[in-house]
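First to last, the sequence lines map onto chains H and W.
Going left to right, the first sequence walks through residues 29 to 326 as this note's numbering numbers them.
Going left to right, the second sequence walks through residues 29 to 326 as this note's numbering numbers them.
2 protein chains.
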Amino acid sequence: MKKQFHSLRSVEDITQLVRVLEIVHELLLKNIHRTKRDVFYTDVKLFKDQKNSDKSIEDVATMLYTTRNATHIVANPRGSCVGRLRIRDQNDIIDLESLGSGSWTISPYLDQIEIIESDAEFILVIEKHAVMQQLLEARYWRRYPCILLTAQGVGNVATRMFLKRLTKELNLPCFTLVDSDPYGHYIHSVYLRGSKRLSYESPFLATPDIRLLGVLTRDLDLYKIPDNVRLPMNKRDIKRTKDLLKEDFVKKNKKWEEDLKLALSKKIKAEIQAFSSKSFEFLTDNYLPEKLTTGDWI
Amino acid sequence: MKKQFHSLRSVEDITQLVRVLEIVHELLLKNIHRTKRDVFYTDVKLFKDQKNSDKSIEDVATMLYTTRNATHIVANPRGSCVGRLRIRDQNDIIDLESLGSGSWTISPYLDQIEIIESDAEFILVIEKHAVMQQLLEARYWRRYPCILLTAQGVGNVATRMFLKRLTKELNLPCFTLVDSDPYGHYIHSVYLRGSKRLSYESPFLATPDIRLLGVLTRDLDLYKIPDNVRLPMNKRDIKRTKDLLKEDFVKKNKKWEEDLKLALSKKIKAEIQAFSSKSFEFLTDNYLPEKLTTGDWI
């Protein structure tokens, strides 16, 4: 990254950048973590708008060739995890199988977390917390040895980083379960390769081996999802699907390309919960086991 | 609650109501929980729109004079809890002090949860997860024996119900820490007395003894929060504050009324994170201990 000194504006840029470096230094010395919002509030006069401090934070992380997490400026925690996994966080040993019908909120302070052991055979990343809760209630990891993870929507930095560590250290296959719509497929792509905006972070965050288990467009016919729980695509969905089809990572995956083209030709989408139209247990007792045992993913 | 049979529309109403009763019966028999969205998807033809199934679910709960949770139709989990507390959830005993820098996501299946013990002296309900994470990192319950809880915004049903059980069974004082703005104060009011829409649930959900610890408008001067991190109120904030001032539960509390009037006269608001302008530890090391020891709440 280069910074130019051509104008007064660039002087301001540098001042903000240096201030963020100071803050990062303070956070690291004190071994505490704070959010972007906190950083903005340390010097409102200088940063003026949170956009500016956010930008400087990203610049600092890029300059240092590290992740934002390593600067101790962390995002809002939002993900949670449960299943066949034991971790150590400072002096606590946490058994993620023994949290009742709750789960462990993924701490954004990943630098202090150690993955101890797991006898899981796969990791399932779920778009929606409500769907994860169904699997939680069924104690799914007892029937199928797995680790379950959700970030409620697009994976945030802490969740993606935690997932990457899990797949890497445990060497486990990893699948996503998302809505059958372009946004669901986009969520999968963010786990797969990172977001465009934070492309410099991708090496630290992406899980290139993650597979899209479902819900695929072709699943809707295969599992006889009734027409009245399929939803028509709106203009935005159509545009998003077309945009996805232009991406290299989709073009490289013929099956994925086919599925998106099928969605586009039928102009339909569906939520994971559409399986409730079959029965309340269809997702856990039929769909997931069949998909996993037949290897029917993308 | 009465249902009238005056028109074809009311026949549809009753059919939907009976269908929901059937579903509740199934959920209770199978001892599983599902969300409103799942219920809608069981019969899209009949319900047409999720608004209709949601309405029927509320009607069923009212008819049975119980909470929606007791019907096993639960909301999306969103809250989390940590601190000096041990609970039993089915066969798991969960120690909420030993979750590293993570926390326990509050399960919406509260019927199966037992509160075992706690040596906390108070409960602190926090508006924002990012702020709770600060207290989590400081292991705040070690310094001040407490239970921390957040729902990230307005308390959802599971969180409010869990809080009510905690305060009732442990007989502990309970405080909220919210933004110094009308929305923050509204969040406090929802814990205090429930939301208007779900007024029938209030007896099961409200915590009438909860106190507003802060951030109060008067705290801004008292703790010398710099002017540049105070934000101007917009039209919506002003309307919301005026609406709050009309509420009986505010009129009954002179100190609260005064604080809202002060906010209205100054037309300013501030976020909890504004304390970062003082120092990164000001909230945990100065503000909270002072407020709690001097009993400076509303």
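Cβ coordinates follow ideal geometry from the N, Cα and C atoms, glycine included.
Task: Anticipated Cβ contact below 8 Å, residue 166 of chain H with residue 312 of chain H, distance rounded - done: Their Cβ separation, rounded to whole angstroms, is 5 Å, which keeps residue 166 of chain H and residue 312 of chain H in contact under 8 Å.
Open item on the list: Between the alpha carbons of residue 168 of chain W and residue 147 of chain H, how many angstroms are there, rounded?
Closed with: Cα atoms of residue 168 of chain W and residue 147 of chain H: separation of roughly 33 Å, rounded to the nearest angstrom.
Task: Beta-carbon proximity check, residue 81 of chain H vs residue 45 of chain H, cutoff 8 Å - done: Against a cut-off of 8 Å, the Cβ pair of residue 45 of chain H and residue 81 of chain H comes out as no contact.
TODO: Output the boundary residues of the beta strand (DSSP E) element that contains residue 303 of chain H.
DONE: From DSSP, residue 303 of chain H is part of no beta strand (DSSP E); its letter is neither H nor E.
Open item on the list: Quick check on residue 284 of chain W: does DSSP put it in helix, strand or coil?
Closed with: In the three-state reduction of the DSSP assignment, residue 284 of chain W falls in the helix class, which pools H, G and I.
Task: Proximity test, Cβ basis, 8 Å: residue 308 of chain W and chain H - done: Residue-level contact check: residue 308 of chain W touches chain H, since one or more beta carbons of chain H fall below 8 Å from its beta carbon.
Open item on the list: For a quick check, are the C-beta atoms of residue 131 of chain H and residue 109 of chain H less than 8 Å apart?
Closed with: A contact, by the Cβ cut-off of 8 Å.
Open item on the list: With the cut-off set at 8 Å, would you say residue 242 of chain H and residue 175 of chain H are in Cβ contact?
Closed with: No, the Cβ-Cβ distance between residue 242 of chain H and residue 175 of chain H is not below 8 Å.
TODO: Report buried or exposed for residue 231 of chain H, applying the criterion of at least 16 other Cβ atoms within 10 angstroms of its Cβ.
DONE: Burial state of residue 231 of chain H is exposed, judged by a 10 Å Cβ sphere holding fewer than 16 other Cβ atoms.
Task: Extent of the continuous beta strand (DSSP E) to which residue 203 of chain W belongs - done: Here the beta strand (DSSP E) through residue 203 of chain W covers 202-205.
Open item on the list: Between residue 128 of chain W and chain H, is any beta-carbon pair separated by less than 8 Å?
Closed with: With a threshold of 8 Å between beta carbons, residue 128 of chain W makes contact with chain H.
TODO: Determine the closest residue to residue 254 of chain W out of W/304, W/265, W/206 and W/164, with distance taken between C-alpha atoms.
DONE: It is W/304 whose Cα lies nearest to the Cα of residue 254 of chain W.
- [ ] Measure the CB-CB distance between residue 155 of chain W and residue 60 of chain W and report whether it falls below 8 Å.
- [x] Contact check for residue 155 of chain W against residue 60 of chain W fails: the beta carbons are separated by 8 Å or more.
Task: Length of the line joining the Cα atoms of residue 56 of chain W and residue 318 of chain H - done: Straight-line Cα distance between these residues: approximately 27 Å.
- [ ] Could you name each continuous beta strand (DSSP E) segment of 3 residues or more that falls completely within the region 96-178 of chain H, going from the start of the chain to the end?
- [x] If only uninterrupted beta strand (DSSP E) runs of at least 3 residues are considered, those enclosed by the region 96-178 of chain H are 108-111, 114-117, 120-123, 141-145, 150-154 and 174-178.
Task: Opening and closing residue of the alpha helix (DSSP H) in which residue 212 of chain H lies - done: Taken as a continuous stretch (DSSP letters only), the alpha helix (DSSP H) holding residue 212 of chain H covers 210-221.
TODO: Count the other CB atoms, across all protein chains shown, that sit within 10 Å of the CB of residue 129 of chain H; report buried if there are 16 or more and exposed otherwise.
DONE: Its Cβ being crowded by 16 or more others within 10 Å, residue 129 of chain H is buried.
- [ ] Step through the CB atoms of chain H and report whether any lies within less than 8 Å of the CB of residue 43 of chain W.
- [x] Not an interface residue.
- [ ] Could you give the DSSP three-state label for residue 298 of chain W: helix, strand or coil?
- [x] Taken through DSSP and simplified to helix, strand or coil, residue 298 of chain W comes out as strand.
Open item on the list: Between W/182, W/198, W/216 and W/66, which has its C-alpha nearest residue 326 of chain W's C-alpha?
Closed with: Closest option to residue 326 of chain W, Cα to Cα, is W/216.
- [ ] Rounded to whole angstroms, what's the CA-CA distance from residue 383 of chain W to residue 75 of chain W? Just pull it up for me.
- [x] Nothing can be reported for residue 383 of chain W, as the shown portion of chain W is limited to 29 through 326.
Open item on the list: Could you check whether the Cβ of residue 98 of chain W sits closer than 8 Å to any Cβ belonging to chain A?
Closed with: Absent from the structure is chain A; the protein chains it does hold are H and W.
TODO: Could you check the C-alpha separation between residue 186 of chain W and residue 41 of chain H for me, to the nearest Å?
DONE: Just so you know, the alpha carbons of residue 186 of chain W and residue 41 of chain H end up roughly 45 Å apart.
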